[in-house]
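What follows is a short report on a single structure.
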Amino acid sequence: MLHIVACIKQVPDTKIIKMNPKTNTMDRSSAPAILNPYDAHAVEEAVRLRARYGGVVSVLTMGPPPAVKAIKKCIEIGADEGYMITDRAFAGADTLATSYALTKALEKIAAEVRPIDLIICGKMTIDGDTGQVGPGIARRLDMPPLTSVNKVAEVNREEGYTIVHRKLEDGYEVIRSTLPCLFSVEKEINDVPYSSMPNMLKAARYQPIIWSVNDLPDIDRTQLGLKGSPTIVSSVWAPQKPQGGKLLEGEAQQQVAQLLDVLLTRKELFTAPAAIQQPTGGTQ
Ligand SMILES: Cc1cc2nc3c(=O)[nH]c(=O)nc-3n(C[C@H](O)[C@H](O)[C@H](O)COP(=O)(O)OP(=O)(O)OC[C@H]3O[C@@H](n4cnc5c(N)ncnc54)[C@H](O)[C@@H]3O)c2cc1C
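Residue numbers (the UniProt record's numbering): 1 to 284.
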């Protein structure tokens with residue numbers, strides 16, 4: 001039976017989040033927590049693959065207790081099972097420590113629940129933005145990482161391979177990989193439809209399986225949380241807003257003429273480069 005696990009993260013809605021002007025960090029209390037939009041597409045793709053080939057779709061998250069809400073959202077999309085790892089020991093994790101903790105949970109699911117054929121991640125999160133966690137998990141599990149997947153042509157569990165399209169800057173490439181493997185998916189891979197009423201009712205009652213650090217066997221605590229995070233955010237600053245500026249209007253030729261006019265009358269643009277703003281203060 002095909003077993004797909006989608007890794008999902010709860011994030012603040014960065015469309016409406018406010019920045020703290022003193023520390024230049026996100027004021028997480030100023031925005032509601034949502035399912036990372038890329039991860040909704042990861043879960044939807046897993047659900048579509050289950051419709052094509054049968055099987056089970058699980059979702060896994062690492063986060064604080066309120067992240068249960070993100071798992072419920074995935075059940076609304078159509079996932080069968082939800083797993084969450086939550087513990088103070090995971091707090092302050094960078095992408096290296098996050099991928100380590102998630103790998104340990106994936107190993108437990110594979111050993112104690114059912115083997116995993118496919119892991120699907122979003123391309124990136126809208127708060128961390130690194131896109132490193134998916135490839136990090138694949139590396140630790142010694143699986144091929146297939147990034148920027150925008151179409152899944154085939155998953156053949158019996159013969160142990162999959163064929164996907166990977167988005168490139170100027171087109172796409174078709175890749176055949178062995179299973180198990182890990183995809184990280186682009187948003188255009190699918191449209192996430194409105195949830196059905198039965199799924200919404202199921203989600204309302206659903207309680208995920210929750211594990212703490214003590215439930216994960218053979219875990220090396222020095223690789224978790226802040227202790228296991230070599231990333232140091234030395235400073236954070238907001239880029240300066242461009243001053244003035246003029247919108248070019250009209251046909252292309254008219255725009256070129258306007259641009260030339262600006263360049264010829266503002267000779268200072270060709271002299272000394274603007275001073276580079278020095279970063280000041282702030283931590284993540
Ligand atoms: C020094 C430091 C301290 C930090 N402390 C905290 C903290 O205390 N609390 C906090 O929330 N963040 C913290 N962060 C941010 C945190 O490290 C990242 O959010 C996290 O490692 C994931 O990276 P990302 O968001 O860039 O994910 P990406 O690599 O962009 O995510 C790609 C995909 O990986 C999967 N994924 C990512 N994260 C998770 C997850 N947690 N569970 C399941 N799947 C996931 C999803 O499928 C996602 O689409 C800290 C970062 C640093 C550098």
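In this text, a Cβ means the ideal position worked out from N, Cα and C, and glycines have one as well.
Beta-bridge pairing by DSSP links Ile-219 to no other residue. Contact annotation: Asp-27 and Ile-17 have beta-carbon atoms nearer than 8 Å. Residue environment analysis places Val-149 among the buried positions, since at least 16 neighbouring C-beta atoms fall within 10 angstroms of its C-beta.
By the criterion of a C-beta distance shorter than 7 Å, Ile-210 is surrounded in its chain by Met-84 and Thr-86, once the five residues flanking it on both sides are discounted. Take the alpha-carbon of Leu-248 and the one of Ala-257: they are about 10 Å apart. Annotation for Thr-130: Thr-95 place their beta carbon closer than 6 Å to its own, counting only its chain and skipping 5 residues before and after. Checking the DSSP bridge columns, you'll see Asp-27 partnered with Lys-18. Here DSSP, grouped into helix, strand and coil, assigns Gly-171 to strand. Between the region 95 to 110 and the region 234 to 242 there are fewer than three C-beta pairs closer than 8 Å, too few to call the two in contact.
For Gln-255, the uninterrupted alpha helix (DSSP H) segment begins and ends at 252 to 265.
Around the beta-carbon of Ile-8, 16 or more other beta-carbon atoms lie within 10 Å, marking it buried. In the pairwise beta carbon analysis, the region 165 to 182 is classified as not touching the region 48 to 58: fewer than three pairs are separated by under 8 Å. Excluding residues up to 5 positions away in sequence, Thr-95, Thr-98 and Ser-99 lie with their Cβ nearer than 6 Å to the Cβ of Val-133 in the same chain.
Nearest neighbour of Val-113 by Cα position, chosen from Glu-251, Lys-267 and Ile-4, turns out to be Ile-4. In the DSSP assignment, Ile-137 falls within the unbroken alpha helix (DSSP H) covering 133 to 141.
Apart from the 5 residues on each side of it in sequence, Pro-66 has no Cβ closer than 6 Å to any other Cβ in its chain. By the criterion of a C-beta distance shorter than 7 Å, Gly-92 is surrounded in its chain by Gly-225, Leu-226 and Ser-229, once the five residues flanking it on both sides are discounted. In the DSSP assignment, Thr-98 falls within the unbroken alpha helix (DSSP H) covering 95 to 108.
The nearest non-hydrogen atom of ligand 1 is 7 Å or more from the C-beta of Asn-20. Relative to ligand 1, Gln-132 has its C-beta within less than 7 Å of a heavy atom. A check of alpha carbon separations from Lys-151 across His-165, Thr-222 and Lys-267 identifies His-165 as the nearest. For Arg-114, the three-state secondary structure derived from DSSP is coil. For Met-84, the uninterrupted beta strand (DSSP E) segment begins and ends at 81 to 85. Under the criterion of beta carbons closer than 8 Å, Ala-6 and Ala-79 qualify as touching, at roughly 7 Å.
With respect to the 8 Å criterion, Ala-70 and Gln-10 are classified as neighbours on the basis of their beta carbons.
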